[in-house]
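Beneath this line is the structure, given in structure tokens, with notes to follow.
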Amino acid sequence: MHVPARWVAFLLPLATVLVCALIWVAAVQTTKIHRGNLMSDAARENGNRAIAYAHFIAGVFDRADSAARHLARVHGGAAATGDGRPRALIDSAAAEPLFARIDIADALGRVVLSSAESRTARSIADMPAFYRLRAGAGDAPVISDPASDALSGVPAIGFARPIRGADGGFAGAVVLTLPVDRLTDFYQGADFRPHDLISVIRLDGLTLARREGSTVSYGQYLAGKLVMRQQLVQPNGTYIGPSAVDGITRIFSHRRLARYGIFVTVGLGTDDVLALSYARARIFYTTVGALTLTLLGGALAFWLGLRRREAIIQRLAATNARLCEAQAIGKMGDWELDLTTGMLVCSDEICRMHGRPPSEDVLRGEEALAYHDPASRKEIERTLRTAIASKRPEQCEVTATMGDGRVAQLRIRMSPIVDGDGRVRTVLGTEQDITTERRHEQLRAEVAHITRVEAVNVMAATIAHELSQPLTAAGNYLTAASHLAGQAKLSLLDQERLAVLLGQANRQIGLAGKIISRAREMVSDRGASEVASLEDIVGEAIALSKVAVPAAARARITVQLQPDTGHVAADKVQIQQVLLNLIRNAAQALEGAKDPQILVSSRRERAGMVEVSVADNGRGLPAGVDDIFAPFGASGRDGLGIGLSICRTIVDSYGGRIWNDSSALGGAAICFTLPLDELALLYDVA
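In the numbering used here, each number is its position in the sequence shown, counted from 1, plus 472.
Here's what the structure looks like:
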């Protein structure tokens, strides 16, 4: 099924965008699933770490609790020395590296035994943990706030357990000092990423120990924070959220050690967890982006190609339409003959000319020859053989019966196509209906004949009017000379008078000869090139009009020719006839005018044309005439009414136009255009 190009141009970008969108949706979903899997695996891993860390912290405090119980049982009744200094604690627990120091105090808080050497008396009575132990009735241990140890200077917490007397009353306390970093040695020697976090938090929200990356800290108070809310809701669970201390989003897993009133939490930075996913996503998105750009670029290139192809097709269609229109206007068609098959492919205009449907534009050569009479067929075949043999274009003129039944004259041109091997296998040809052209040539010949007949009439009027005066004068001079010569004896003065009379007679006879020569020039057919000086044409036409038209002789004729209108590409005699007709009509329109005036002017137009105007101050054009240039359209008293029609025919034959207009002098004006001779104009300028 054929899909129109405009639908392809519409659907292709849409399909490309949809494919790119699906690719990006798949890429985003794949990345999302991958990150979800990574987060799920990280959450499980973090939960396992939290369990392990809880076991580690529970082991630390269990060891501390076991040591405290042992020391309370063994050394619970120890007394202070006389000077108040604590005695050295001799016990295996004192060698435990987990503890920084062990202190055993009596009921008043005085340290009686210590694993650290001390030269002065010490007391723990001001410790909050000691207050809690002394005030409490139970046997639960108390974990003090983390702080810098007074003796060692290291951050530490105190694990304190009460010593009970025989009556069950408070008899003192055992305080084990644990360095804070002992609680964060869980990952010692392992790869600890910058955002990895472990911490031990008391249930009141005080951080006992915290390690982030390689940094160990303590003492952060987190009451009311997200971690405490999550611990309250789910003592042993996992959640994702920002840290209350540094705001970094982590996966947190926590485990509660209710026996000691603490819980542990382990955190993994989501950026660390997803670092591999981010790197993979960048590569993935870069690849998908490149693929998208490739698809879009390819689609764009294909779409632009379609648009260019569509534009070319439209231009070709428009060009073909213009060609068909031009062929129809010019009555010319083209054809192509395949000499190998004898098949002829015709254009639409050829089909129309011969009455064939455009769909039947392929026919055999013999069928095409059937449209012509036998003589024309022989001429066409002869011209074709000559063109093939000479391998040069040839032409002939024949007659044919057209599709509308009329017999027309055709000009057939044939151009052989020579292949690379020098053979002719194809002939291109054109057929042009030149019937109108031939009729136009015939009409021009008839107009030229009418023009010359009119010129003969002008010459007759010229001879009848102009010759009478010089011939009469010459006769008078000759009569006087003859009378003077008849005298018996001529004096010197008479001889001079005789010579003058004869000279005057000779001058009048010469003037008559010039008049006849000028009249003959108008009707002569010199057959020269159709290039003439506009100034000469106007001057001679005015001179002839003054002789042939009495009214023109009475009018004041003014000439205004622009310098750039020197030569026209037209026959001198024919344009003189046009001007003579126009001046005569203008002179007739001036009858009765007080100051008869005629203005002959010229100006250059665009496209290499010159406008000539004959204007008067007469009574104007006759009323009630639609077309004064039609035959018998504006007949006067002394004419047949074909003068202006002849003028239009002559002007049209040179590609010009003629029209009537109003005159600046107050009457009418007839204007016409003629082609300029550009080459003669260049010579004039030079």
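Just so it is clear, CB atoms sit at the ideal spot from N, CA and C, and this is done for glycine as well.
The secondary-structure analysis by DSSP pairs Trp775 with nothing; it has no beta-bridge partner.
Cα atoms of Phe658 and Leu648: separation of roughly 20 Å, rounded to the nearest angstrom. Around the C-beta of Glu866, 16 or more other C-beta atoms lie within 10 Å, and the residue is accordingly described as buried.
Membership of Leu1116 in the alpha helix (DSSP H) is indicated by the continuous run Gly1115 to Ser1125. In terms of Cβ geometry, His547 and Leu570 do not form a close pair [threshold 9 Å]. Short of 7 Å from the beta carbon of Leu767, and not among the five residues preceding or following it, lie these beta carbons of its own chain, in chain order: Thr488, Val491 and Cys492.
Taking C-alpha positions only, Met599 is separated from Arg521 by approximately 34 Å.
For Phe631, the three-state secondary structure derived from DSSP is strand. Non-local C-beta neighbours of Tyr949 in its own chain, meaning closer than 6 Å and more than five positions away in sequence, comprise Leu973, Gln976 and Ala977, ordered along the chain. With a cut-off of 8 Å on Cβ pairs, the segment 1070-1080 is in contact with the segment 1030-1037, counting three or more such pairs.
Cβ contact annotation for Arg594 (same chain, cutoff 6 Å, sequence separation greater than five): Val583, in chain order. Contact annotation: the segment 526-533 touches the segment 717-735, with at least three C-beta pairs closer than 8 Å.
Residue pairing by DSSP puts Leu900 in a beta bridge opposite Glu808 and Ser887.
Under the three-state reduction of DSSP, His667 is assigned to coil, being neither helix nor strand. Counted as a single uninterrupted DSSP element, the beta strand (DSSP E) harbouring Ala1141 occupies residues Ala1140 to Pro1147.
One alpha carbon belongs to Ala842, the other to Ala880, and they sit about 15 Å apart. Of the candidates Ala771, Cys1143 and Ala622, Ala771 places its Cα closest to the Cα of Leu483. With distances taken between CA atoms, Pro1094 lies nearest to Ala1061 out of Ser1085, Ala1061 and Thr1121. Per DSSP, Thr742 lies in no beta strand (DSSP E); the unbroken alpha helix (DSSP H) holding it starts and ends at Thr742 to Val745. Shown here, Thr813 sits in coil according to DSSP, grouped into three states, outside any helix or strand. Counting along the chain, the unbroken alpha helix (DSSP H) around Arg606 starts and ends at Pro600 to Ala607. The three-state secondary structure of Glu797, taken from DSSP, is helix. The segment 693-751 is shown to contain whole alpha helix (DSSP H) runs of 4 or more residues at 698-705 and 742-745, in chain order. Within the model, the alpha-carbon separation for Phe774 versus Ala716 is close to 56 Å.
For Gly837, the enclosing alpha helix (DSSP H) stretches over residues Gly837 to Leu841.
Ala977 carries a helical assignment under DSSP once its states are collapsed to helix, strand and coil. In this structure the segment 748-768 touches the segment 495-507; the number of beta carbon pairs closer than 8 Å is three or more.
Sequence-distant partners of Leu675 (beyond 5 residues in either direction) whose C-beta falls short of 6 Å from its own C-beta, in its chain, are Gly733. Asp575 places its beta carbon 9 Å or farther from that of Ser564. In the three-state scheme derived from DSSP, where H, G and I count as helix and E and B as strand, Arg541 is classed as helix. Per DSSP, reduced to three states, the secondary structure at Asp621 is coil, with no helix or strand assignment. Taking 8 Å as the upper bound for CB-CB distance, Arg573 and Leu605 are not in contact here, some 18 Å apart.
Short of 8 Å from the beta carbon of Leu763, and not among the five residues preceding or following it, lie these beta carbons of its own chain, in chain order: Ile495. Taking all protein chains in view, the Cβ of Asn518 is crowded by 16 or more other Cβ atoms within 10 Å, so the residue is classified as buried. Judged by DSSP in its simplified three-state form, Ala551 adopts coil rather than helix or strand. Contact between Val646 and Arg633 is confirmed by a C-beta separation of about 5 Å, below the 8 Å threshold.
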